[in-house]
Each structure stands twice: as C-alpha cells, then as structure tokens.
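Below is one structure, written out as structure tokens; comments come after it.
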Amino acid sequence: MDDIIVMAHSQEEALQAHNTTLSTLANLSWVVNWDKSSLKPSQAKEFLGLIINTTSEPQFQNNWDSQIQLTPAVVCDLKEWSISLTKWDGRVATLHPFDEVLDTNASLGGWGAALKGLSTTSMGWWKQLGHHINKLELKAVHHAIKSLLPLLKGSFSGVTM
Numbered sequence: 001m002d003d004i005i006v007m008a009h010s011q012e013e014a015l016q017a018h019n020t021t022l023s024t025l026a027n028l029s030w031v032v033n034w035d036k037s038s039l040k041p042s043q044a045k046e047f048l049g050l051i052i053n054t055t056s057e058p059q060f061q062n063n064w065d066s067q068i069q070l071t072p073a074v075v076c077d078l079k080e081w082s083i084s085l086t087k088w089d090g091r092v093a094t095l096h097p098f099d100e101v102l103d104t105n106a107s108l109g110g111w112g113a114a115l116k117g118l119s120t121t122s123m124g125w126w127k128q129l130g131h132h133i134n135k136l137e138l139k140a141v142h143h144a145i146k147s148l149l150p151l152l153k154g155s156f157s158g159v160t161m
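Using UniProt numbering, read the sequence shown as starting at 1 and increasing by one per residue.
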C-alpha cells in the first residue's frame, strides 16, 4: 500500500483516526515513510494528484435527491458492468478476461516490468525528474508497454502496478 488518507468530521476525530491508523500499521509491521508523510491536519490536501478540499461547496450542495441525465452510452456501460460484476473475482473488475497481464513497479530510483517470464528495467535516470510517485508509476507503465509491445500486440492486456 502506498497511500492512505484519513478524513474526519472534526480535528478530534481526525486525531483519533490518525492514531488508530498508525497503531494498526505498526501492529502489522508496516514501515511508514515519515519523509513522505503529511501528518498535520488540514482541510485541504493534495492526495494522489487530486486536491481534496473539505471546505468547498459540494457539487450538489448535499441534495442527494438531485437528478442527473445519463447518456444512452453510459446506461449501456452501466448495464454491462452490472452483469459482469456477478462474475467478479473480488480483485479485477473487467468486462473480459485479459489475454496478458503486464506487471509494473516504480520507485524514485527506477522502474521495472515483467510479462510472460521476461522482464525489463531501468534505473537511475529518472531520479532527477522530481515527479510524484504516482506519475512515476504511470511512466513505468508507458515505458514497459513500449519495451514489451511485440509481446502485447493483438492481445487484450491488463496492467498491475
């Protein structure tokens, strides 16, 4: 697990959830990267590239009875997803089984990928980029697909990061 966000209705609830989260991670022997952690309570944070602001107006101003118009394409997609979820294995939600699965990983030091027992990797060069780790994960997928394209061509492929 790379990222966790704790949200609460009050500073007291946030502090309690913060302590419970850290205690649970410690009990599971997980290591917290304190340099990458932001533990100061705030009403606005960037998380996974999104700005989460708990003080801004909600889009529907808490009117959960609001109606939105769905396009025919969206209705069709929702029906297809609904049918496919009856066969869901609890891990990957897809309408069709993958022919191939490309496994990728990234860190500040480089990236790697594996497919059909083959692997490719690159180290060091992108440390200087200074990108957020989520952007590096996506760059790893991009480079992996470029590197292993001949093995992926013509297949319905999934990617794990």
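Glycine included, each C-beta is placed from N, C-alpha and C at the ideal position.
Proximity winner among Leu148, Trp81, Leu28, Ala140, relative to Gly117 (alpha-carbon distances): Along the sequence shown, one-based indexing puts residue 117 at 117. Considering only Leu148, Trp81, Leu28, Ala140, the residue with the shortest C-alpha distance to Gly117 is Leu148.
Any contact of the region 100-114 with the region 132-148, i.e. 3+ C-beta pairs under 8 Å? yes
If Thr21 and Val31 are in contact, beta carbons under 8 Å, what's the gap, nearest whole angstrom? What you label residue 21 is simply residue 21 of the sequence shown in a count that begins at 1. What you label residue 31 is simply residue 31 of the sequence shown in a count that begins at 1. Not a contact, Cβ separation roughly 14 Å.
Between which two residues does the alpha helix (DSSP H) harbouring Trp81 extend? The count along the sequence shown starts at 1 and reaches residue 81 at position 81. Unbroken alpha helix (DSSP H) run through Trp81: 72-85.
Identify which residue in Ser23, Ile83, Leu102 has its Cα closest to the Cα of Val159. Against the sequence shown, residue 159 aligns to sequence position 159. Measuring from the Cα of Val159, the nearest candidate turns out to be Leu102.
Let me know the secondary structure DSSP gives Lys146 once reduced to three states. Numbered from its first residue, the sequence shown carries residue 146 at position 146. Helix at Lys146.
Go ahead and label Leu78 buried or exposed: buried means 16 or more other beta carbons lie within 10 angstroms of its beta carbon, across all protein chains shown. Translated into positions along the sequence shown, residue 78 becomes position 78. With fewer than 16 Cβ atoms within 10 Å of its Cβ, Leu78 is classed as exposed.
Using only alpha-carbon positions, find the residue among Ser29, Thr54, Leu48 that is nearest to Pro41. As a position in the sequence shown, residue 41 is number 41, starting the count at 1. Out of Ser29, Thr54, Leu48, Thr54 has the C-alpha closest to the C-alpha of Pro41.
How many angstroms separate the CA atom of Ser29 from the CA atom of Ser157? Numbered from 1 along the sequence shown, position 29 holds the residue referred to as residue 29. Numbered from 1 along the sequence shown, position 157 holds the residue referred to as residue 157. Going by the C-alpha atoms only, they are around 34 Å apart.
Per DSSP, the bridge partner or partners of Leu102: As a first step, residue 102 is located in the sequence shown; it is residue number 102 there, counting from the start. DSSP output for Leu102 lists Val159 as bridge partner(s).
Hey, out of Ile145, Ser84, Leu85, Ser82, whose CA is closest to residue 164's CA? Absent from the structure is residue 164, since the part of the chain shown begins at 1 and ends at 161.
Under DSSP, the alpha helix (DSSP H) around Thr20 begins and ends at which residues? Taking the first residue of the sequence shown as position 1, residue 20 is located at position 20. It spans 11-27 - the alpha helix (DSSP H) in which Thr20 sits, taken as one unbroken run.
Which of the three DSSP states, helix, strand or coil, is assigned to Asn134? As a first step, residue 134 is located in the sequence shown; it is residue number 134 there, counting from the start. Three-state DSSP puts Asn134 in a helix.
Contacts around His18, its chain only, beta-carbon distance under 6 Å, and the 5 residues preceding and following it disregarded: Stepping through the sequence shown from its first residue, residue 18 is reached at position 18. Closer than 6 Å at Cβ, skipping near neighbours: Val6.
According to DSSP, which residues form a beta bridge with Gly112? As a working mapping, residue 112 is identified with position 112 in the sequence shown. DSSP lists Asn105, Thr121 as partners of Gly112.
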